[in-house]
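Right, one structure below, let's go through it.
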Amino acid sequence: MLNTCLFRCFCRVLLPLKLLFAAFTHAELAAFDDTLPDSSSALFTLQGSNTIGARLAPELVKAFLLAKGAAEVIVVAGENESRINAKMGPRQVPVWVDIAAHGSGTGFDGLLKGSADIAAASRPAKPKEIKALAGFTDLTDERSEHIIGIDGLAIIIHPQNPIQQLSVKQVALIFSGQINDWSQLGGRRGKINLYSRDDRSGTWDSFKRMVLGKNHTLDVAAKRFESNDNLSDEVSADIDGIGFVGLPSVRKAKLIAISDGFGKALKPNKLTIATEDYALSRRLYFYTHDESDNPYVREFIAFVEGVAGQNTVAANGFIAQQVEVVVPQGYRDLPQNFQEITPSEQRLTVNFRFKQGSAQLDNRALRDIDRLVQFITKQEDKKLTLIGFGDQKRSPERAQLLSKLRAMAVRRELVKQGVYPQSSHGYGEQLPVASNEREAGRYKNRRVEVWLGKK
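For what it's worth, my numbering labels the leading residue of the sequence shown as 28, then goes sequentially.
In structure tokens:
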């Protein structure tokens, strides 16, 4: 037990160093050397999510290879598969990376069977996948689970459809066939046509988890698609169509605002997705074996989590995990006592969340601590205010206490790295961003926001 604790502490100390290394610019990555194989070979293989694998993963691999000094980097794209070819090292050895984007579940199958070095997923690993791989790696460990960016599950309709917003509950009723005409939603008369991703898709898994839940099933009349882009193009050509895709695949379709419970209807944008306040925001993951013996896998993951990799994430339409300052819309609509403790109208694009049923920061939050430290140390005459929130409890006083404790937990982690927030507050169950009726919503509501002001 003692050795295990020491090991975890050791890993925790190494994490900021790893992130600091990952933040190096392209030029600072070590070039490929002459320890390369004499013959052509694959550096690594990546399998899984179509949301990630269709465009983002090839671009990340391309950027990584270029940063390493590779030459003749070419992406050869096929139907939901691609190969990135390059030549590297003094001898210009041909190398490649293979990507297969047939759905998140296929990535975990690849890790299990040994056909993939990296599993790409647009949803967290399922309990059955964690169990299946338990003999090889712990998918919940921060060395195995890597959050590479944030996406918004976009609900899309035809550009000429007058509907502006829907609740998560309404979307569930639509896709389960219980609402089947646009006139039931205040729109023009017309039978609603459903467009859905297929069963192997992480986008479908996310939709099923965040929208349908356990009480609804997809209407059998829904048309199913393997590709986000193909689905979006079909919806934008169907005046009565509605579908769901990853945010970069909205294309010509119309994006609508979504509300959950008592939360405000929000469209996915940089702030609402980065903070995961948008009801249908989701994390994008790479999963690896926690002790991968492939040096290119380890270095690629560090590159993706660093500044250069996150810039590539943003360039491909997703939301990067970079701490930025924004002015939130509707700030003046917030309660007066909340406005009084927020030092300005400036909020940071980071929320801290916790492992379910635990006071421990989750894997994204652990990395975000280091990102926030790097950000604030570059700011002059600025102070941080931490504001905790929670899900609904029988006692509002208990909810308020727990939310304050969450803010204090974040403060402790920052203090460990020499950053001292000006103040910490708890607002309990106020200002929910999701419904408290589902665990996924309660998880979103248990958060700590970060606001920035002048000293």
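Even glycine gets a Cβ: it sits at the ideal position worked out from N, Cα and C.
Going by beta-carbon coordinates alone, are residue i and residue j separated by less than 7 Å?
i: phenylalanine 91; j: phenylalanine 416; result: no
i: isoleucine 174; j: leucine 166; result: no
i: serine 385; j: glycine 229; result: no
i: serine 210; j: arginine 309; result: no
i: leucine 411; j: proline 355; result: no
i: glutamate 169; j: leucine 441; result: no
i: glutamine 74; j: glycine 134; result: yes
i: valine 334; j: arginine 398; result: no
i: alanine 1; j: leucine 139; result: Examination of residue 1 is not possible in this model, given that the chain is present from 28 through 482 alone.
i: threonine 339; j: leucine 87; result: yes
i: alanine 146; j: tyrosine 314; result: yes
i: arginine 374; j: tryptophan 478; result: yes
i: leucine 495; j: threonine 376; result: This structure cannot settle anything about residue 495, because the visible part of the chain is limited to 28 through 482.
i: glycine 116; j: alanine 347; result: no
i: phenylalanine 345; j: aspartate 178; result: yes
So, under 8 Å CB-CB, residue i and residue j are touching, yes? Tell me the CB distance rounded to an integer number of Å.
i: leucine 282; j: alanine 181; result: 5 Å
i: arginine 465; j: glycine 240; result: 6 Å
i: alanine 418; j: asparagine 463; result: The residue asked about is misnamed: residue 418 is aspartate in this sequence, not alanine. Rounded, the Cβ-Cβ distance is 5 Å, consistent with contact.
i: alanine 467; j: tyrosine 312; result: Not confirmed; about 16 Å, so no contact.
i: isoleucine 269; j: tyrosine 305; result: Isoleucine 269 to tyrosine 305, Cβ: 18 Å. No contact.
Quick check on this structure: which residue in the options has the alpha carbon closest to the alpha carbon of residue i?
i: glutamate 476; options: Phe381, Glu332, Asn390; result: Phe381
i: aspartate 13; options: Gly455, Leu458, Gly480, Arg465; result: Not covered by the structure: residue 13. The range shown for the chain is 28 to 482.
i: alanine 143; options: Ala128, Ser233, Lys89, Pro154; result: Ala128
i: arginine 438; options: Asn242, Asn77, Asn378; result: Asn378
i: leucine 70; options: Val195, Ala81, Ile126; result: Ile126
i: asparagine 77; options: Val238, Glu106, Gly96; result: Glu106
i: threonine 72; options: Thr299, Gly217, Arg215, His316; result: His316
i: valine 352; options: Gln366, Asp225, Lys405, Arg474; result: Lys405
i: phenylalanine 271; options: Asp208, Val120, Lys235, Ile368; result: Lys235
i: valine 119; options: Ile145, Gly96, Ile111; result: Here residue 119 turns out to be glutamine, not valine, going by the sequence shown. The option with the nearest alpha carbon to glutamine 119 is Gly96.
i: phenylalanine 252; options: Ile219, Thr244, Trp231; result: Trp231
i: serine 203; options: Thr244, Ala301, Phe163; result: Thr244
Tell me whether residue i counts as near the ligand SAM, meaning its Cβ is closer than 6 Å to at least one heavy atom of that ligand.
i: valine 334; result: Judged by which ligands are present, the structure shown has none, so any question about the ligand SAM falls away.
What ranges does the alpha helix (DSSP H) occupy inside the region 385-411, keeping only unbroken runs of at least 4 residues that lie completely in it? 390-403
Would you call the region 185-194 and the region 319-327 touching, i.e. three or more CB-CB distances under 8 Å? no
With contact counted as at least three CB pairs below 8 Å, one residue from each stretch, are the region 256-268 and the region 416-429 in contact? no
Could you tell me which uninterrupted beta strand (DSSP E) segments, each at least 3 residues in length, are contained entirely in the region 119-179, listed from first to last along the chain? 120-127, 145-148
Segment contact, 8 Å Cβ cut-off, at least three pairs: the region 428-438 with the region 446-456: yes
What are the uninterrupted segments assigned as beta strand (DSSP E) that are 3 or more residues long and contained completely in the region 207-252, given in chain order? 220-224, 250-252
Segment contact flag, the region 241-257 with the region 269-282, C-beta cutoff 8 Å, min 3 pairs: yes
Entirely within the region 268-302 and at least 3 residues each: give me those beta strand (DSSP E) ranges in chain order. 268-273, 284-286
Unbroken stretches of the beta strand (DSSP E), 3 residues or longer, contained in the region 83-114: 98-104
Whole beta strand (DSSP E) elements within the region 307-363, 3-residue minimum: 308-314
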